[in-house]
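In what follows, a structure is listed as structure tokens, so that the remarks can point back to it.
Protein chains: 2
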Amino acid sequence: MGRQEKTAITPARAEDYPEWYQQVVNASDLAENSPVRGCMVIKPWGYALWENIRGLLDNMFKETGVKNAYFPLFIPKRFLEKEAEHVEGFAKECAVVTHHRLEESEDGGLVPAGPLEEPLVVRPTSETIIGESFSRWVSSYRDLPLLINQWANVVRWEMRTRIFLRTTEFLWQEGHTAHATQEEAMERTLLMLNIYEKLVQDYLAIPVLKGEKTASERFPGAVNTFTLEAMMQDRKALQAGTSHFLGQNFAKASDIKYQSAQEDEVYAWTTSWGVSTRLIGAIIMAHGDDDGLVLPPAIASSHVALMPISKNTDDRDTVMDFTHTLARELGEQDYHGRKIDVEIDDRETGGSRGWDWIKKGIPVRVEIGPRDIARNSVFVGRRDKGSREKESIPRDQFIKTIVQVLDEIQKNLFDRALRFREENSTQIDTSNDFYAFFTPKKPEKAEIHGGFALSHWCGNEACEEKIKTDLSVTIRCIPLNAEKETGRCIACGEASVQRVVFAKAY
Amino acid sequence: MGRQEKTAITPARAEDYPEWYQQVVNASDLAENSPVRGCMVIKPWGYALWENIRGLLDNMFKETGVKNAYFPLFIPKRFLEKEAEHVEGFAKECAVVTHHRLEESEDGGLVPAGPLEEPLVVRPTSETIIGESFSRWVSSYRDLPLLINQWANVVRWEMRTRIFLRTTEFLWQEGHTAHATQEEAMERTLLMLNIYEKLVQDYLAIPVLKGEKTASERFPGAVNTFTLEAMMQDRKALQAGTSHFLGQNFAKASDIKYQSAQEDEVYAWTTSWGVSTRLIGAIIMAHGDDDGLVLPPAIASSHVALMPISKNTDDRDTVMDFTHTLARELGEQDYHGRKIDVEIDDRETGGSRGWDWIKKGIPVRVEIGPRDIARNSVFVGRRDKGSREKESIPRDQFIKTIVQVLDEIQKNLFDRALRFREENSTQIDTSNDFYAFFTPKKPEKAEIHGGFALSHWCGNEACEEKIKTDLSVTIRCIPLNAEKETGRCIACGEASVQRVVFAKAY
Numbered sequence: 001m002g003r004q005e006k007t008a009i010t011p012a013r014a015e016d017y018p019e020w021y022q023q024v025v026n027a028s029d030l031a032e033n034s035p036v037r038g039c040m041v042i043k044p045w046g047y048a049l050w051e052n053i054r055g056l057l058d059n060m061f062k063e064t065g066v067k068n069a070y071f072p073l074f075i076p077k078r079f080l081e082k083e084a085e086h087v088e089g090f091a092k093e094c095a096v097v098t099h100h101r102l103e104e105s106e107d108g109g110l111v112p113a114g115p116l117e118e119p120l121v122v123r124p125t126s127e128t129i130i131g132e133s134f135s136r137w138v139s140s141y142r143d144l145p146l147l148i149n150q151w152a153n154v155v156r157w158e159m160r161t162r163i164f165l166r167t168t169e170f171l172w173q174e175g176h177t178a179h180a181t182q183e184e185a186m187e188r189t190l191l192m193l194n195i196y197e198k199l200v201q202d203y204l205a206i207p208v209l210k211g212e213k214t215a216s217e218r219f220p221g222a223v224n225t226f227t228l229e230a231m232m233q234d235r236k237a238l239q240a241g242t243s244h245f246l247g248q249n250f251a252k253a254s255d256i257k258y259q260s261a262q263e264d265e266v267y268a269w270t271t272s273w274g275v276s277t278r279l280i281g282a283i284i285m286a287h288g289d290d291d292g293l294v295l296p297p298a299i300a301s302s303h304v305a306l307m308p309i310s311k312n313t314d315d316r317d318t319v320m321d322f323t324h325t326l327a328r329e330l331g332e333q334d335y336h337g338r339k340i341d342v343e344i345d346d347r348e349t350g351g352s353r354g355w356d357w358i359k360k361g362i363p364v365r366v367e368i369g370p371r372d373i374a375r376n377s378v379f380v381g382r383r384d385k386g387s388r389e390k391e392s393i394p395r396d397q398f399i400k401t402i403v404q405v406l407d408e409i410q411k412n413l414f415d416r417a418l419r420f421r422e423e424n425s426t427q428i429d430t431s432n433d434f435y436a437f438f439t440p441k442k443p444e445k446a447e448i449h450g451g452f453a454l455s456h457w458c459g460n461e462a463c464e465e466k467i468k469t470d471l472s473v474t475i476r477c478i479p480l481n482a483e484k485e486t487g488r489c490i491a492c493g494e495a496s497v498q499r500v501v502f503a504k505a506y
Numbered sequence: 001m002g003r004q005e006k007t008a009i010t011p012a013r014a015e016d017y018p019e020w021y022q023q024v025v026n027a028s029d030l031a032e033n034s035p036v037r038g039c040m041v042i043k044p045w046g047y048a049l050w051e052n053i054r055g056l057l058d059n060m061f062k063e064t065g066v067k068n069a070y071f072p073l074f075i076p077k078r079f080l081e082k083e084a085e086h087v088e089g090f091a092k093e094c095a096v097v098t099h100h101r102l103e104e105s106e107d108g109g110l111v112p113a114g115p116l117e118e119p120l121v122v123r124p125t126s127e128t129i130i131g132e133s134f135s136r137w138v139s140s141y142r143d144l145p146l147l148i149n150q151w152a153n154v155v156r157w158e159m160r161t162r163i164f165l166r167t168t169e170f171l172w173q174e175g176h177t178a179h180a181t182q183e184e185a186m187e188r189t190l191l192m193l194n195i196y197e198k199l200v201q202d203y204l205a206i207p208v209l210k211g212e213k214t215a216s217e218r219f220p221g222a223v224n225t226f227t228l229e230a231m232m233q234d235r236k237a238l239q240a241g242t243s244h245f246l247g248q249n250f251a252k253a254s255d256i257k258y259q260s261a262q263e264d265e266v267y268a269w270t271t272s273w274g275v276s277t278r279l280i281g282a283i284i285m286a287h288g289d290d291d292g293l294v295l296p297p298a299i300a301s302s303h304v305a306l307m308p309i310s311k312n313t314d315d316r317d318t319v320m321d322f323t324h325t326l327a328r329e330l331g332e333q334d335y336h337g338r339k340i341d342v343e344i345d346d347r348e349t350g351g352s353r354g355w356d357w358i359k360k361g362i363p364v365r366v367e368i369g370p371r372d373i374a375r376n377s378v379f380v381g382r383r384d385k386g387s388r389e390k391e392s393i394p395r396d397q398f399i400k401t402i403v404q405v406l407d408e409i410q411k412n413l414f415d416r417a418l419r420f421r422e423e424n425s426t427q428i429d430t431s432n433d434f435y436a437f438f439t440p441k442k443p444e445k446a447e448i449h450g451g452f453a454l455s456h457w458c459g460n461e462a463c464e465e466k467i468k469t470d471l472s473v474t475i476r477c478i479p480l481n482a483e484k485e486t487g488r489c490i491a492c493g494e495a496s497v498q499r500v501v502f503a504k505a506y
């Protein structure tokens, strides 16, 4: 029997990945399922991640001239009916408000009363309601471009839900812009995709493939949808942000017209783009290990946990003084526009404290006992290393190098995720190899398969559909700026000019 | 005939205050009514105020140990039924979700489908749904205090709505805390009230009276409600923030129990506290004048508008260079933890530009023409002074004194609002005077009345009710820390120990 290290999360990733995910969410205290079907409660440790994502994106948006606004939660039914594809995509699963009062019934309970003349839908996305405002805000070319973003909750009634990945209610931002020309709208679509790429790669430490969706995977009503695709540790793809070029479709549906400099009446060109709390699911699945969550420092809820250890009352004051001074000095360090965030954990829980912080994924853990203080040093563990790999470091050196250490951890996580993706991505040119790649080796481990297949596709929707039906594999994206290369469609053998990315996906 | 100055807003405040309010909202571009009954669209200039309020409060909350989280938008009907007074207060006007799908009907339209087993209410406030989480999060005294805040949208179905003041959907924060002792919960209730006071007085420049609500004006289910009351320019009161001591009422309804150090099972003591986008209505009504919005610099969407003026193409480059350099240097100035925000308005609209910025309430306007540049000076108008009172100031001096000028404006607005409240508050001791004070002098100007009456009240709900029925006047608060003084109830003549604040209110 080989030596088996005990891990903090049961089951391990290799045993049951979906269940591992749920256990990490629980153990790290990020969020929980609520008594409301499909809705989650985002707990402080999880919400802090969202606050950090929001802060970073909000700054990047504003630097490009985007302004925030807020539009109604409710969308009148007739609005949703405006754009034909859009209604197909969104009317099917939505929360419908039909009454505006609860009244006591004869048996003493409450029953819906005050029926509405027109039902209202809780926004699944806001193109139609924002389009109505845009139609009034835009009249001349001087009013363009209009660059608006909204931070909001949206609701899509989901049958099978999983915390962060697919929930009935989720938090997101949705940007909506209107432009005088097609070129400018397309430029904005790609600019926002690049901002998302910067967020996900530089802060969330998740490498992404940047590409365009095929027609069947587009946002309902869009002309083009651009996407970032990341690989999770079960080798499935997760869409980490999308940016849509809507052409004039929504402008026509919502009557967003402007008078050009030549005094013609022209429909505007619009875009929309969004990321959601789903990104927290991506962080969990890209970096988490069998001991729990692993947070990239640049987005972490907090950076350093200090754990004072005192055996008796005499020690206690000395240890606490040392701890508080250390916390203050760490908290004064600049770390990429934030300060270092420090948690002091003085619970008297013995050994389980350290494991709590490992499970919560904090980048750096510090134990501080009387012997450390005697040597003016601290005992440090890093979340990118093994849980037992701890090191005694002189206190002043620890403070002086903390930013560098966090940067190292950040880089290690990104590199590890990139290596994982590369090891599990492969060019496949025959149908046999393709089917083998996506077929589980063991039937009882249905989730284990090859990863990303870079294969040729003829552009025919029927081929895409066949692969989806046979393997539950979809084209995640047609990579941007990929080399052109002639080849044969993996499904039908017809000529193709470029490889696309096939994968199973969340 | 006296000289009549033309003003930017029609009607003036004295002519028709409610209509003046709506016209200021329009002219300042803060927000607009949406096609969804009772819901508003908050436009960028208005949303920036909310972002500033949120940023300031969020920091102050976090400094006291509060953490942000997020709870579901939907509340199952049975939750709302838990607390008897609460259901009375909130079930009557709420948005009820009864279906989770829209389906095509035979005539091609969409109809609600997929009826829910249990209707869901869109949260009017979250005590019940947050209480459910708290009941699971709290088990030992070591889990307390629990200090949680949520930034969210809420919905209360209102029959008569007015932008910012009373809308079906609005944005707010709601804090919810649980404590081991009554004393600690009460301390927290008052601590949060003091934070609101700091926000409203120091940043919104609105003086407030701090006090306790009478039983009939309490939050449904609360033991005590504390409030900040501000006077608007029509002499009516506006509640600018409330903090509720909930006793053990909600802990019992939601089963929030903890094991004490002595191992007894005890119900926790809870609080809740909130402010909303209503505060933007308070800013408009406390400071606005007949030329439009007047923004206190400490909360302003932006601080300085630069308006370059060039008569011909030769000038243009020089003027724009000068303007951009000025904008950059102003933007480097620290202003109470922010930087100075500068708008460059290079629209070619001639004279109307200046009026646009006056109506939008920006604290400082700067005109920059070739002659100003020749003298290395700028032409400056301040929103706390008359629209024609402009001054030429050497450029470098303008930069050096901008923070001081903003501070002066801030102080002037606060002082003016305080003076107004003092001039329109009076101690009244006879019923005749009291009724005269609240009776409009002219029937066609029903909104003009005396203001705040500081009068004695015996504590009897019947007296409160009589005054409310006769005059639409309510007790806004029983001031905290007011001098005890014996007197006679203004309604019934019975003995009283303290004056309370009577007013008409929003």
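Residue numbers (our numbering), protein chains in the order written: chain D, 1 to 506; chain R, 1 to 506. In this text, a Cβ means the ideal position worked out from N, Cα and C, and glycines have one as well.
query: Where does the unbroken beta strand (DSSP E) through Asn33(D) begin, and where does it stop?
result: 31-33
task: Spatial neighbours of Gly331(D) within its chain, please: CB distance less than 7 Å, with the 5 preceding and 5 following residues excluded, ordered by chain position.
output: Lys339, Ile340, Val342
- request: Please check if any C-beta of chain R sits within less than 8 Å of the C-beta of Ile280(D).
  value: no
field: Unbroken beta strand (DSSP E) run spanning Met40(R), endpoints
entry: Per DSSP, Met40(R) is one residue of the beta strand (DSSP E) stretching across 40-42.
query: Skipping 5 residues on each side, what residues in its chain have a beta carbon closer than 8 Å to that of Arg78(R)?
result: Glu118
message: Here's a check: name, in chain order, each residue in its chain whose Cβ is nearer than 6 Å to the Cβ of Phe398(R), leaving out the five neighbours to either side.
response: If the five residues before and after Phe398(R) are omitted, its C-beta is found closer than 6 Å to the C-beta atoms of Val378, all from its own chain and listed in chain order.
- prompt: Can you find a CB in chain D that lies within less than 8 Å of the CB of Lys360(R)?
  reply: no
- prompt: With distances taken between CB atoms, is the gap from Tyr435(R) to Leu471(R) smaller than 8 Å?
  reply: At the C-beta level, Tyr435(R) and Leu471(R) come within 8 Å of one another.
message: Between which two residues does the alpha helix (DSSP H) holding Glu183(D) run?
response: 182-198
Contacts of Glu169(R) in chain D (Cβ-Cβ under 8 Å): Against Glu169(R), the close residues of chain D are Pro72, Leu73, Phe74, in the order they occur along the chain (beta-carbon pairs closer than 8 Å).
- request: Check the Cβ-Cβ distances between Trp357(R) and every residue of chain D, and say whether any is below 8 Å.
  value: Not one beta carbon of chain D lies nearer than 8 Å to the beta carbon of Trp357(R).
message: Tell me the DSSP secondary structure of Arg365(R) in three-state form.
response: strand
query: Quick one: complete alpha helix (DSSP H) runs, 4+ long, within the stretch 261-341 of chain D?
result: 278-287, 313-331
- request: Report yes if the CB atom of Ala417(R) is closer than 8 Å to the CB atom of Cys463(R), and no otherwise.
  value: no
field: Contacts that Ile47(R) makes with chain D (C-beta to C-beta distance below 8 Å)
entry: The sequence shown places Tyr at residue 47(R), rather than the Ile named in the question. Neighbours of Tyr47(R) on chain D, chain order: Lys67, Asn68, Ala69, Tyr70.
- request: With 8 Å as the limit, tell me which residues of the stretch 18-43 of chain R have their beta carbon closer than that to any beta carbon of chain D; keep them in chain order.
  value: Glu32, Ser34, Pro35, Val36, Cys39, Met40, Val41, Ile42, Lys43
message: How far does the alpha helix (DSSP H) with Ile399(D) in it extend, from its first residue to its last?
response: 395-423
query: Exposed or buried, what is Val501(R) when buried is set at 16 or more other beta-carbons lying within 10 Å of its beta-carbon?
result: buried
query: Is there at least one Cβ from chain R nearer than 8 Å to Val342(D)'s Cβ?
result: no
- request: Go ahead and label Met159(D) buried or exposed: buried means 16 or more other beta carbons lie within 10 angstroms of its beta carbon, across all protein chains shown.
  value: exposed
message: Closer than 9 Å between beta carbons: that is the criterion. Which residues of the stretch 324-343 of chain R meet it against chain D?
response: none
query: Alpha carbon to alpha carbon, what distance is there between Gly351(R) and Glu367(R)?
result: 11 Å
- request: Report yes or no: do three or more beta-carbon pairs, one from the stretch 317-327 of chain R and one from the stretch 255-271 of chain R, lie closer than 8 Å?
  value: no
Alpha-carbon spacing of Val294(D) relative to Phe414(R), whole angstroms: 49 Å
- request: Show which residues of chain D have a CB atom less than 7 Å away from the CB atom of His99(R).
  value: Val96, Thr98
- prompt: So which residues of chain D does Val138(R) contact, with C-beta pairs closer than 9 Å?
  reply: In chain order: nothing, as chain D lies at least about 13 Å away.
query: On the premise that Leu49(D) lies in contact with Ser302(D), defined as a C-beta separation below 8 Å, what is that separation, rounded to the nearest angstrom?
result: The pair is not a contact, with the Cβ atoms about 10 Å apart (cut-off 8 Å).
task: Could you spell out the range, first to last residue, of the beta strand (DSSP E) harbouring Glu103(R)?
output: 96-104
- prompt: Whose Cβ in chain D lies nearer than 8 Å to the Cβ of Glu523(R)?
  reply: Any question about residue 523(R) goes unanswered here, given that chain R covers just 1 to 506.
field: Cα-Cα separation between Asn312(R) and Thr318(R), rounded to whole angstroms
entry: Cα to Cα, Asn312(R) sits roughly 11 Å from Thr318(R).
- prompt: Which one of Phe226(R), Glu103(R), Leu204(R), Ser216(R) has the shortest CA to CA distance from Lys210(R)?
  reply: Phe226(R)
message: Going by DSSP in three states, Arg3(R) sits in which element: helix, strand or coil?
response: With a pLDDT of only 46 at Arg3(R), under the threshold of 50, the placement of this residue in the model should not be trusted; the figure read from the coordinates follows. DSSP places Arg3(R) outside both helix and strand once states are collapsed to three, so it counts as coil.
query: Leu144(D) and Val138(D): beta carbons closer than 8 Å?
result: yes
- prompt: Using the C-alpha atoms, what's the distance from Ile284(R) back to Glu197(R)?
  reply: 18 Å
query: Which stretch, first to last residue, makes up the beta strand (DSSP E) that contains Asn26(R)?
result: Secondary structure note for Asn26(R): it is in no beta strand (DSSP E), and the uninterrupted alpha helix (DSSP H) holding it is 17-28.
message: If we require 3 or more residues per run, which beta strand (DSSP E) segments fall completely within the stretch 122-176 of chain R?
response: Counting whole runs of 3 or more residues, the stretch 122-176 of chain R contains the beta strand (DSSP E) stretches 146-155.
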